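**Q** Position one of the sequence shown corresponds to residue 5 (my numbering), numbered consecutively onward.
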Amino acid sequence: MINSLVAYKGKPARIANTVENKFELEFADGATLKVREKDFRFIHPEFMQVIVDCPQADLSVLVDFQEETLSLQDITEWLFNDFTAQTAWCTCLLVEDGLYFYWQKDAVFVRPTAQVESVQAKRDSEKLAAENLAHCVDNIAKNTFDEQDEPYLKEIARVALNQSKTAKILSHIGVENSPESAYQLLLKIQYFAPSFNPYPARFDIPKDEEIAVQVPPIERLDLTHLSSYAIDNEGSNDADDAISIEGNTLWVHVADVANVVPSGSDLDVYAQQRGANFYLPETIIHMLPTSVTDATALGASNTSNALSFSFEFDGENINNIKVVQSVISVTNTTYEEVDEMLAANTNADLTQIKAIGAAHKKFRDSCGAINLHLPSVDVKFIDNKVSIAPQASSASRDLVAEMMVMAGRTMAQFTSDNLIPVPYALQDKGDFSEEFLANKDTLTLSESFLAIKNFKRSATSVKPLLHYGLGLPAYLRVTSPMRRYYDLLAHQQIINFITNKPMLPVSRVKEIIGSVNMALASVGRVSRFSDDHFKCVFLMQNPQWTGTGVVVDIRGDKALFMIPELGMMTQIKFKNPPKFDAEIQLQVSRVNLVDKSANFKVV
């Protein structure tokens with residue numbers, strides 16, 4: 005075997021010598037290596053310096069040898085009509101390539117035509133994929149993309165939207181496989197527009213579905229003689245509450261959604277999975293199909309079905325509570341119209357309701373109710389433009405808000421007295437000083453902001469416990485069953501009670517609270533993140549924005565500002581920090597859409 009041509013790890017070599025059980029191989033560069041016989045492949049008994057360029061093989065002969073096993077010499081003679089060290093080496097290279105042949109120990113197996121075609125198709129596909137990958141990598145380096153890059157960009161988008169953990173191309177370009185890094189890249193190359201909101205998809209929020217519904221006919225109390233006012237924003241057509249007064253009796257009417265969405269139904273499960281409406285700047289993701297809204301909204305037709313609560317207020321106590329499934333005649337009106345009526349004193353019903361609401365608010369204040377009145381804004385994205393506006397406040401809005409609080413207090417009392425298992429809203433007593441409580445109605449902005457940490461978190465329980473912030477011994481949300489699941493659950497239980505049908509036991513209500521709380525956590529995060537996202541988009545659309553910042557805290561040499569106009573916070577370093585509640589003009593200096601933040605500087 006001395007002076008034979010062999011192949012060692014794909015390289016040609018000459019057997020220069022044998023030493024005991026090993027062979028000394030010599031390579032083209034003069035290097036030598038001692039190896040065992042099993043580590044190399046015998047190619048030809050006569051060594052010669054082979055060249056890379058091989059003569060053209062006659063591959064047409066292979067049709068006669070499909071699925072046969074031949075020696076290296078036999079296959080070489082068929083392919084090249086000669087068996088030399090050079091032609092044997094060329095055959096070895098073809099076998100190593102694996103398209104037409106593969107090794108079976110020291111023999112060569114000839115692939116059938118179909119297998120050759122399959123291997124070639126796979127190679128062509130891999131080659132094309134590699135070319136496409138290189139094309140996309142090159143485009144990304146130039147901050148651009150084209151249609152050919154779409155498959156890779158979709159992979160990156162799945163990572164950006166937290167729908168996949170990895171996209172191979174990100175490793176090729178040295179970008180971390182994380183939602184933030186992937187999102188930043190897609191923003192940079194403008195695959196995602198700044199106006200695209202990634203958070204509903206990132207938190208896997210279910211989309212709206214169209215589901216047909218039917219309204220079961222039931223016996224209802226006719227309350228169409230009452231003047232029932234559904235007060236809402238201009239353009240709203242989905243009112244879910246209305247108010248009336250009859251002598252000294254107040255009525256709060258709420259859309260009877262539970263009649264269409266009974267406990268345990270498919271629609272009930274649908275609503276549980278969502279927990280509440282998602283109010284996003286660019287859209288609303290509904291807790292229930294819009295067909296439910298169409299079927300139950302108050303004022304959508306001449307008469308409306310409602311679950312109606314009546315009660316009286318004596319300045320301190322809620323008395324004479326009644327609950328009925330009713331039919332009412334609704335007057336849809338707006339906050340602006342009601343403000344005008346209240347100012348001109350042209351509607352006796354609303355004027356009387358306002359007075360009762362004011363008395364109830366005074367009672368709650370005497371019981372320790374606290375409202376910090378921190379600035380809040382509405383963020384809207386319409387026609388590719390972001391608008392930010394302070395949340396409106398007016399006499400009509402205060403009237404409606406207090407009536408809803410009264411309804412919640414009333415039904416907490418009713419369900420507690422009748423042992424109806426429902427999801428009460430509660431808040432433990434806060435850690436406030438006597439001095440703070442004595443001045444709670446005249447707080448500065450910084451005092452209100454710093455007081456936040458003294459509040460206990462609100463929670464949900466089957467026990468009717470204190471709601472400290474509202475100043476009520478118990479509270480039950482009941483006025484938005486088409487928008488909040490806990491309101492719907494309360495309605496389902498109340499209706500089953502008043503119609504003598506089985507109610508869910510306490511244990512089952514507890515289970516539902518646990519699962520719905522998880523859904524509501526996503527509602528809160530997505531709504532908050534979406535608002536912050538579009539606030540940043542607003543500043544990108546208004547890069548020279550300036551406005552007032554109010555100092556609400558001092559942290560060493562840094563002042564923490566609240567920016568009421570934007571509903572944002574920022575921290576700025578000073579040599580001599582300003583005083584609490586100082587108002588300073590600020591200008592936006594940097595916006596980071598990925599982490600939903602902005603920096604500001606003093607003008």
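We put the beta carbon where it would ideally sit given N, CA and C, even for glycine. Since the structure is predicted, the reported quantities are computational estimates derived from the model, not experimental observations.
Measure the alpha-carbon distance for M507 versus D491 and round it to whole angstroms.
**A** Rounded to whole angstroms, M507 to D491 spans 15 Å at the Cα level.
**Q** Within the same chain, show all residues whose beta-carbon is closer than 6 Å to that of T297, passing over the 5 residues directly before and after it, in chain order.
**A** Cβ neighbours of T297 beyond the five flanking positions: D242 and M486.
**Q** Hey, N147 and V163 are a contact pair by Cβ (cut 8 Å); roughly how many whole angstroms apart?
**A** In fact, because the Cβ distance is near 19 Å, the residues do not count as touching under 8 Å.
**Q** With a threshold of 16 other CB atoms inside 10 Å of the CB of E623, please say whether the residue is buried or exposed.
**A** Residue 623 lies beyond the residue range present for the chain, which begins at 5 and ends at 607; the question has no answer from this structure.
**Q** Please report how far the alpha carbon of A259 lies from the alpha carbon of A310, in whole angstroms.
**A** Taking the straight line from one Cα to the other gives about 5 Å.
**Q** For L423 and S462, which I take to be in contact (beta-carbon distance under 8 Å), what is that distance rounded to the nearest angstrom?
**A** Between S462 and L423 the Cβ distance is about 23 Å, and since that is not below 8 Å, they are no contact.
**Q** Can you say whether R608 is buried or exposed, counting buried as having 16 or more other CB atoms within 10 angstroms of its CB?
**A** Absent from the structure is residue 608, since the part of the chain shown begins at 5 and ends at 607.
**Q** Give a yes or no on contact between the region 215-231 and the region 325-343, applying the rule of three or more CB pairs nearer than 8 Å.
**A** Yes, the region 215-231 is in contact with the region 325-343.
**Q** Is the beta carbon of I235 closer than 8 Å to that of T338?
**A** For T338 and I235, yes; Cβs fall inside 8 Å.
**Q** Under 7 Å Cβ to Cβ from F367, same chain only, skipping five residues before and after it: list those, please.
**A** Answer for F367: G319 and E320, listed in chain order.
**Q** Determine the burial state of R127: buried for a count of at least 16 other Cβ atoms within 10 Å of its Cβ, exposed for fewer.
**A** The residue in question, R127, is exposed, as its Cβ has fewer than 16 Cβ neighbours within 10 Å.
**Q** Looking only at its chain, what residues have a beta carbon closer than 8 Å to the beta carbon of D62, apart from the 5 residues adjacent to it on each side?
**A** Once the five neighbours on either side are set aside, the close Cβ partners of D62 are W82, L83, F84 and N85.
**Q** Fully enclosed by the region 269-349, which alpha helix (DSSP H) runs are 4 residues long or longer?
**A** Segments of the alpha helix (DSSP H) lying fully in the region 269-349: 270-278, 294-300 and 339-348.
**Q** Measure the Cβ-Cβ separation of D585 and V606 and say whether it is below 8 Å.
**A** Cβ atoms of D585 and V606: not closer than 8 Å.
**Q** So, at 8 Å on beta carbons, what are the nonlocal neighbours of I55 in its own chain, with the 5 sequence-adjacent residues on each side left out?
**A** Contacts found: Q90.
**Q** From the DSSP output, in three-state form, read off K211 for me.
**A** Coil.
**Q** Count the CB pairs spanning the region 541-557 and the region 388-396 that are closer than 8 Å, and state whether there are at least three.
**A** Yes, they touch.
**Q** Report buried or exposed for T552, applying the criterion of at least 16 other Cβ atoms within 10 angstroms of its Cβ.
**A** When all chains shown are included, T552 counts as exposed.
**Q** Hey, G683 and M415 are a contact pair by Cβ (cut 8 Å); roughly how many whole angstroms apart?
**A** Given a span of 5 to 607 for the chain in the structure shown, any question on residue 683 remains unanswerable.
**Q** Whose CA, out of V426, K358, D432 and V67, lies closest to the CA of A399?
**A** Of V426, K358, D432 and V67, the residue nearest in Cα terms is K358.
**Q** Which one of G560, D343 and M566 has the shortest CA to CA distance from P379?
**A** When each option's Cα is compared against that of P379, the closest is M566.
**Q** Which residues in the same chain as N237 place their Cβ atom closer than 8 Å to its Cβ, once the five residues preceding and following it in sequence are excluded?
**A** T338 and Y339.
**Q** Relative to the C-alpha of S199, which residue among L597, S601 and N603 is closest?
**A** Answer by Cα proximity: L597.
**Q** Do you know whose CA, among P16, V39, R45 and Y12, lies nearest N25's CA?
**A** Looking at the Cα atoms, V39 is the closest of the given residues.
**Q** Just to confirm my understanding: we take K158, look at its own chain, exclude 5 residues before and 5 after, and list those with CB closer than 7 Å. What are they?
**A** There are no such residues.
**Q** Along the beta strand (DSSP E) that carries H257, what are the first and last residues, could you check?
**A** Counting along the chain, the beta strand (DSSP E) containing H257 begins and ends at T253 to A259.
**Q** Mind checking whether I47 and L97 have CB atoms under 8 Å apart?
**A** No, these two residues do not count as a Cβ contact at 8 Å.
**Q** Based on the DSSP secondary-structure assignment, which residues constitute the bridge partners of H471?
**A** Q431 and L476.
**Q** According to DSSP, what are the bridge partners of D557?
**A** Paired residue(s): L564.
**Q** Should T300 and V261 be called a contact, given that it needs their Cβ atoms to be closer than 8 Å?
**A** Yes, the Cβ-Cβ distance between T300 and V261 is below 8 Å.
**Q** What runs of the beta strand (DSSP E), each 3 residues or longer, lie entirely inside the region 496-578?
**A** If we require 3 residues or more, the beta strand (DSSP E) runs fully inside the region 496-578 come out as 550-559, 562-567 and 572-577.
**Q** Answer yes or no: do V409 and T419 have a C-beta to C-beta separation smaller than 8 Å?
**A** Result no, Cβ atoms of V409 and T419 do not sit closer than 8 Å.
**Q** Name the one or two DSSP bridge partners that V39 has.
**A** DSSP output for V39 lists F27 as bridge partner(s).
**Q** List, from N- to C-terminal side, the alpha helix (DSSP H) runs of 4 residues or more that fit wholly inside the region 360-412.
**A** Qualifying alpha helix (DSSP H) stretches: none in this window.
**Q** Just how far apart, CA to CA, sit S465 and K514?
**A** Straight-line Cα distance between these residues: approximately 8 Å.
**Q** So the candidates are Q548, T550 and K577; which of them puts its Cα closest to the Cα of R559?
**A** Nearest C-alpha to R559: K577.
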